[in-house]
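Colleague:
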Amino acid sequence: MKRDLSKFIQLGILLSTVAFIFESCESQTSLEKLAEDSKDEAVVFVVERSSNEARLYAFSTRLLEATVDVSVSGYNLICSPSSKVVRGLSSGLSDPIVSIRSLANTQDFKFDYSRSWHVGSRSRKLSSKTKPHVLDRLPFDSHQEYKVSQGAFGPTHLRNSSTENSVDFDMPIGSLVCAAQSGVVIGFREDSAVGGVDDRFDSCANYIAVKHDDGTYAAYYHLKRHGVLVPIGRRVSDGDAIALSGNTGNAGGPHLHFEVFQYDSSGKSHSLPIQFKTSIGIVTPKTGMVMHN
Ligand SMILES: [Zn+2]
């Protein structure tokens, strides 16, 4: 069933306008509020409801590929396809994620739902979690060299299993970030201006995500505000400049956080061990190492 998304987009614009008016009347600048205002809202969830029926939609204007996870709770209701749904999302997707209907066809109809999303989709075939994924180059300009400020299994990367193999490069704000492997830009964020060392800033980082031809994904985090240089859907080759580094999100200073990952069939993210091809051969990035292409 085709649906017109324009009304949802209009609703989004209206809500942003209301939020802006509210913001301009506010003088509170606490960390809490900064983090709350800068949450990543790449996926918008909308509920369309009548007296005994409801439909939950999700759409995105800046993610080409994402997975949404929705759980519905309540009583006196039937969910279709089910009350727990993990589903791929394309921008412009127009079918409901879940349709909810009153069991007794009465108006006594209450429900609640929780939702989450992540960039990228689930893979049927996973790459090896032990054999390193070799990238065609380092994620920055050929003329530069940068220090690895944190390698795989570093203290902040161990906070969850989806980031354990990530690598941080010390890079001044505004440094060129280049694609480490060719692929298609499937998502980005560049509107955040907030950063600092606090878990509350976890969802405040600007980023760009590239899907490689082998089904793996690379994400480049903490980018400068308005620091994304390529549009969504653009095919990029390794070495192409794609962004400018920054300090947004949960970051102790300017740096680039780089990771390669995949999702299993249940939607769980797996961080892959990485190595880079360089002029001196294939190198495993280690904390403290100064690297160049
Ligand atoms: Zn990092």
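Residues 266 to 558 (the numbering used here) make up the sequence shown, in order. Quick reminder that beta carbons are idealized off the backbone N, C-alpha and C, glycines included.
Please list the terminal residues of the continuous alpha helix (DSSP H) segment that includes D302.
Modeller: Within the sequence shown, the letter at position 37 stands for residue 302. Start and end: 296–302.
Colleague: Beta carbon of G511, beta carbon of N471: below 9 Å?
Modeller: Here residue 511 refers to the residue found at position 246 of the sequence shown. Here residue 471 refers to the residue found at position 206 of the sequence shown. Yes, these two residues count as a Cβ contact at 9 Å.
Colleague: Given that a residue counts as buried once 16 or more other Cβ atoms are within 10 Å of its Cβ, and exposed if not, what is Y482?
Modeller: Within the sequence shown, numbered from 1, the residue matching residue 482 stands at position 217. Counting Cβ neighbours within 10 Å, Y482 comes out buried, since at least 16 surround it.
Colleague: On a Cα-Cα basis, can you pick out the residue from T326, K390, R327, V312 that is closest to V363?
Modeller: To locate residue 363, count along the sequence shown from 1; it is residue 98. Among T326, K390, R327, V312, the Cα nearest to that of V363 is on V312.
Colleague: For S534, count neighbouring Cβ atoms within 10 angstroms of its own Cβ and tell me buried if that reaches 16, exposed if not.
Modeller: Along the sequence shown, one-based indexing puts residue 534 at 269. So S534 counts as buried.
Colleague: Looking only at DSSP bridge pairs, what is K349 linked to?
Modeller: Stepping through the sequence shown from its first residue, residue 349 is reached at position 84. Per DSSP, S336.
Colleague: Quick check: what's the CA-CA separation for H422 versus N317?
Modeller: Working through the sequence shown from its first residue, we reach residue 422 at position 157. Working through the sequence shown from its first residue, we reach residue 317 at position 52. Their Cα atoms are separated by approximately 46 Å.
Colleague: Looking at C-alpha atoms only, which residue of S336, L537, G480 is the closest neighbour of W382?
Modeller: Taking the first residue of the sequence shown as 1, we reach residue 382 at position 117. Ranking the options by Cα distance to W382, first place goes to S336.
Colleague: Buried or exposed: where does H340 fall if 16 or more other Cβ atoms within 10 Å of its Cβ makes it buried?
Modeller: By one-based count along the sequence shown, residue 340 stands at place 75. It should be pointed out that residue 340 corresponds to Tyr in this sequence rather than to His. With fewer than 16 Cβ atoms within 10 Å of its Cβ, Y340 is classed as exposed.
Colleague: Could you say which of S531, L509, Y528, S530 lies nearest to L521 if we only look at CA atoms?
Modeller: Residue 521 sits at position 256 when you count from the first residue of the sequence shown. Nearest option by C-alpha distance: L509.
Colleague: Touching or not, the segment 489–507 and the segment 440–450, by the rule of three or more beta carbon pairs under 8 Å?
Modeller: Touching, yes.
Colleague: Taking 9 Å as the threshold (C-beta atoms), are M556 and L403 in contact?
Modeller: Position 138 of the sequence shown, counted from the start, is the residue given in the question as residue 403. Position 291 of the sequence shown, counted from the start, is the residue given in the question as residue 556. A contact, by the Cβ cut-off of 9 Å.
Colleague: With C-beta atoms as the reference, is S431 less than 9 Å away from G419?
Modeller: Your numbering for residue 431 matches position 166 in the sequence shown. Your numbering for residue 419 matches position 154 in the sequence shown. For S431 and G419, yes; Cβs fall inside 9 Å.
Colleague: Cα separation between A484 and I343?
Modeller: Here residue 484 refers to the residue found at position 219 when the sequence shown is read from its first residue. Here residue 343 refers to the residue found at position 78 when the sequence shown is read from its first residue. Those two C-alpha atoms are separated by around 38 Å.
Colleague: Assuming the contact rule is C-beta atoms closer than 8 Å, V308 and L354 should be a hit. Round their C-beta distance to whole Å, please.
Modeller: Against the sequence shown, residue 308 aligns to sequence position 43. Against the sequence shown, residue 354 aligns to sequence position 89. With 8 Å as the limit, V308 and L354 qualify as a contact, their Cβ atoms being about 7 Å apart.
Colleague: Quick one: what does DSSP say S468 is sitting in, helix, strand or coil?
Modeller: Looking up residue 468 in the sequence shown gives position 203. Correct three-state label for S468: helix.
Colleague: Apart from the five residues just before and just after S468, which ones in its own chain have a Cβ nearer than 7 Å to its Cβ?
Modeller: The residue you call residue 468 lines up with position 203 of the sequence shown. So the qualifying residues of the chain are K304, D305.
Colleague: How would you write the range of the beta strand (DSSP E) that V449 sits in, first residue to last?
Modeller: On the sequence shown, residue 449 is found 184 positions in, with the first residue counted as 1. Segment 448–454, the beta strand (DSSP E) holding V449.
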